[in-house]
Amino acid sequence: MMEVKEGMIKATDAFERLVHWTLAISCIILFITGLGMMFHSLNFIGDFMGGLKSLKYVHNIMGLIFGFSMIFTISMWWKEAGVFDLPADWQWIKVAGGYLWHVDKVPEIGKYNPGQKMFFLAVAGCGILMLATGLLMMFQPEFLPMWILRWMYPLHALGFFTLFAFFFVHIYLGTIGNPGSFQAMVHGWVSPGWAKKQHPKWLKEMEEHGTLKIYGGEKKKDTPSH
Amino acid sequence: MAEMIKLYDDAKCTACRGCQLACKQWNEKKAKQTTNYGSYQNPPTLQSNTYMIIHFQDVKDTKGNVKWIFRKESCMHCADAACVTACPTGALYHTEFGTVGLNPDRCIGCKNCVAACPFEVPKYEQETDRVYKCDMCESRLRNNLTPACVKACPTGALKWGEKDAMIKVAADRVKELGGDANTYGDQYVSGTHFMYVLQEKQPVYAALAQNPKVPLAVVAWKNLLNPLSLLAAGGIVVGSFLHYLIHGPKLPDETGETTKKAEGGE
Ligand code: HEM
């Protein structure tokens, strides 16, 4: 299921995948260590890393890695996943992309659908929020009035609320909810049938611009993509 | 052991600071060199190695007479303690005396309590990466001794006793003093286990938290958003599962001419 076959289409480059997994793994470790500090009943998570003090350090260091990968995430995906393509995206939102009820013809969308764009924007927005509130909670600078410092904590919790919920939606839709998607983030090649179903406009655009890369040789035109 | 209260009566306090010294001594905390800034109040605020201080303050009464008033500042030992709620590790905890204990071995120096405390009592120490505050001499309480500060007080300004008895002592003292005298602590944060009999109205005292409450931010964070985040994620997981069963996955388009076999949903 995961092998690359002739005729498959290039969806992501190695850099995108590297950034994605750096972001994802640091984020998941932040979730786990954060949960270890959120509820006393989950304090045992600290036992795997030599105590809760080490858990705090792991959390803080992962925060820096997460923040660092956030810079690349936002800069490389902003154009594709950060801006809505109206009115086409709106048409898609109105039928929820055919995900929730039967839709005869789902409006055609590009490389990322509006749901993915919302997820990207939530990750970017909450990511920046988590980084900013986290740093202030960690350093508690003198100049910050106490009542403002206090609100950093519920804001950090709000960011977690959002990211954690979206995370499960993302895993579901990136794996079993959309078979054929996961490999886009493993080796970067997707099947033509997947592309046609999921992102027909993206496929057409690549064909028109000659940027389509097909596995097994005959690239339509050898113009560099992006 | 019953719920206890430490009572401070500022009308009886001479600011000898015997309590401050006894506190340092029992807790084995060295003093740091400070600079004279024109007040006997020294150090000017609580520190990671100074769990209590006596405030010195000049106030003018209505006739223009200057008066010296004192106040002992230290942890208030709230019944509803925001620091305990905020502490991720259980390093801060409620005791059967009603006091708020602190186990430095469990403290990870996250400083959540520093931001949560409505009295701004816990203080962070860089060198040990830990937070410190008054624990009402829990080691003494466990051995049937009174807190060191109470033991040292020569004037009876500090008293230690069972909660109900102390609240009564405080009420009687307020009556005795008359005028603006009032109690501070019993009416806040579900009752504090360190409380005051004050001669003056509460706003007269410098740096005294007015109408202290568990901060709304702490409630929103710990009691609302933290549990809700688990609930929401749980809902999403269940929802995704139901979606998979009822609606099914979005399968690749098999009619495409270059398409190979569709990869079915597991
Ligand atoms: C085990 C966990 C994860 C899996 C299996 C996974 C899988 C995927 C897949 C397959 C895609 C490509 C979707 C497509 O091109 O249609 C993707 C994109 C993306 N992932 Fe993940 N991911 C995971 C965790 C995360 C985490 C934790 C984050 C962020 C905090 C994240 C952020 C993103 C973003 C921003 C995109 C860009 C496109 C979009 O918005 O969907 N991923 N992921």
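Protein sequences, first through last, are from chains A and B. For my numbering, add 118 to where a residue sits in the first sequence, where the first one is 1. For my numbering, add 1199 to where a residue sits in the second sequence, where the first one is 1. All C-beta atoms in this analysis are idealised placements derived from N, C-alpha and C, irrespective of residue type, glycine included.
Alpha-carbon to alpha-carbon, residue j and residue i
i	j	result
Gly1467(B)	Leu253(A)	Residue 1467(B) lies beyond the range of chain B shown here (1200 to 1465); nothing can be said about it.
Gln1256(B)	Arg1270(B)	9 Å
Asp207(A)	Ala1419(B)	35 Å
Leu218(A)	Thr1284(B)	40 Å
Leu1450(B)	Lys314(A)	11 Å
Lys1223(B)	Cys1333(B)	10 Å
Lys1421(B)	Pro272(A)	8 Å
Lys338(A)	Leu330(A)	Confidence at Lys338(A) is low in this model, with a pLDDT of 47, below 50, so its placement is unreliable and the value that follows should be read with caution. Roughly 6 Å between the two C-alpha positions.
Asp1467(B)	Leu1397(B)	This structure leaves residue 1467(B) out entirely; chain B is present only between 1200 and 1465.
Glu1202(B)	Trp1359(B)	11 Å
Glu1465(B)	Met324(A)	In this prediction, Glu1465(B) has a pLDDT of 32, which is less than 50 and means its spatial position is unreliable; nothing more can be read from the coordinates.
Arg1180(B)	Pro1242(B)	The requested residue 1180(B) is not part of the displayed model; chain B covers only 1200 to 1465.
Thr1244(B)	His1442(B)	58 Å
Ala1214(B)	Lys1310(B)	31 Å
Pro1317(B)	Pro1414(B)	7 Å
Gly216(A)	Val224(A)	6 Å
Trp307(A)	Phe300(A)	10 Å
Phe286(A)	Leu267(A)	30 Å
Arg1216(B)	Met156(A)	40 Å
Gln234(A)	Gly154(A)	29 Å
Phe284(A)	Gly1433(B)	11 Å
Asn1425(B)	Leu1291(B)	19 Å
Asp131(A)	Lys1231(B)	59 Å
Ile150(A)	Phe282(A)	11 Å
Ile211(A)	Leu1301(B)	53 Å
Lys1362(B)	Ser187(A)	55 Å
Thr1249(B)	Gln1409(B)	23 Å
Gly295(A)	Glu1324(B)	50 Å
Asp1452(B)	Trp312(A)	6 Å
Gly181(A)	Ile146(A)	11 Å
Trp265(A)	Met236(A)	31 Å
Gly164(A)	Gly1438(B)	30 Å
Phe261(A)	Gln209(A)	48 Å
Cys1218(B)	Val1265(B)	25 Å
Ala214(A)	Phe162(A)	40 Å
Cys1274(B)	Val1313(B)	12 Å
Lys123(A)	Pro310(A)	11 Å
Lys1460(B)	Trp196(A)	Below a pLDDT of 50, predicted positions are generally treated as unreliable, and Lys1460(B), at 39, falls in that range; the measurement from the model is reported next regardless. Cα-Cα distance, rounded: 33 Å.
Met120(A)	Phe133(A)	20 Å
Leu321(A)	Ser144(A)	32 Å
CB-CB length for residue i against residue j, believed under 8 Å
i	j	result
Lys1205(B)	Val1320(B)	With a Cβ gap of about 14 Å, Lys1205(B) and Val1320(B) do not count as contacting.
Asp1328(B)	Gly1308(B)	4 Å
Pro259(A)	Pro1448(B)	With a Cβ gap of about 48 Å, Pro259(A) and Pro1448(B) do not count as contacting.
Ala242(A)	Ile179(A)	Not confirmed; about 21 Å, so no contact.
Trp1225(B)	Ala1347(B)	4 Å
Tyr1380(B)	Val1373(B)	The amino acid occupying residue 1380(B) in the given sequence is Ala; Tyr does not appear at that position. Going by Cβ atoms, the distance from Ala1380(B) to Val1373(B) rounds to 5 Å, so yes, they are a contact pair.
His1392(B)	His1276(B)	4 Å
Phe184(A)	Gly245(A)	7 Å
Thr1298(B)	Glu1337(B)	7 Å
Lys1211(B)	Ala1356(B)	4 Å
Tyr333(A)	Gly125(A)	7 Å
Ala275(A)	Ser1428(B)	7 Å
Tyr230(A)	Glu198(A)	6 Å
Chain A contacts made by the region 1298-1322 of chain B, where a contact means CB separation under 8 Å: Arg1305, Ile1307, Gly1308, Cys1309, Lys1310, Asn1311, Val1313, Ala1314, Ala1315, Glu1319
Alpha helix (DSSP H) segments (min. 4 residues) lying fully within the region 284-329 of chain A: 310-316, 318-327
Residues from the region 266-296 of chain A in contact with chain B, defined by Cβ distance under 7 Å: Leu267, Arg268, Trp269, Tyr271, Pro272, Ala275, Leu276, Phe278, Phe279, Phe282, Ala283, Phe286, Val287, Tyr290, Ile294, Gly295, Asn296
Every unbroken alpha helix (DSSP H) inside the region 1330-1363 of chain B [4 residues or more]: 1337-1340, 1347-1351
Short-range partners of chain C found in the region 1387-1416 of chain B, where Cβ spacing is below 7 Å: Protein chains A and B are contained in the structure displayed, whereas chain C is not.
Beta strand (DSSP E) runs wholly inside the region 1254-1307 of chain B, at least 3 long, in chain order: 1265-1272, 1291-1293, 1299-1301
Near-chain A residues of the region 1262-1290 of chain B - C-beta to any C-beta below 7 Å: Pro1287, Thr1288, Gly1289
Selection of the region 146-164 of chain A by Cβ proximity to chain B, strictly under 9 Å: Leu153, Gly154, Met155, Met156, Phe157, His158, Asn161, Gly164
Within 7 Å of chain A by C-beta, residues of the region 1323-1348 of chain B in sequence order: none
Near-chain A residues of the region 1231-1243 of chain B - C-beta to any C-beta below 9 Å: none
Chain B contacts from the region 174-200 of chain A (Cβ-Cβ distance under 7 Å): Lys174
Members of the region 241-256 of chain A near chain B, C-beta cut-off 9 Å: Met255, Met256
Sequence ranges, beta strand (DSSP E) only - wholly within the region 166-241 of chain A, length at least 3: none
Contacting positions in the region 1425-1440 of chain B - beta carbon closer than 7 Å to chain A: Asn1425, Leu1427, Ser1428, Ala1431, Ala1432, Ile1435, Val1436, Ser1439
Against chain B: residues of the region 305-318 of chain A by CB proximity under 9 Å: Val308, Ser309, Pro310, Gly311, Trp312, Ala313, Lys314, Lys315, Gln316, Pro318
3-residue-minimum beta strand (DSSP E) runs that sit fully inside the region 1203-1252 of chain B, ordered along the chain: 1203-1208
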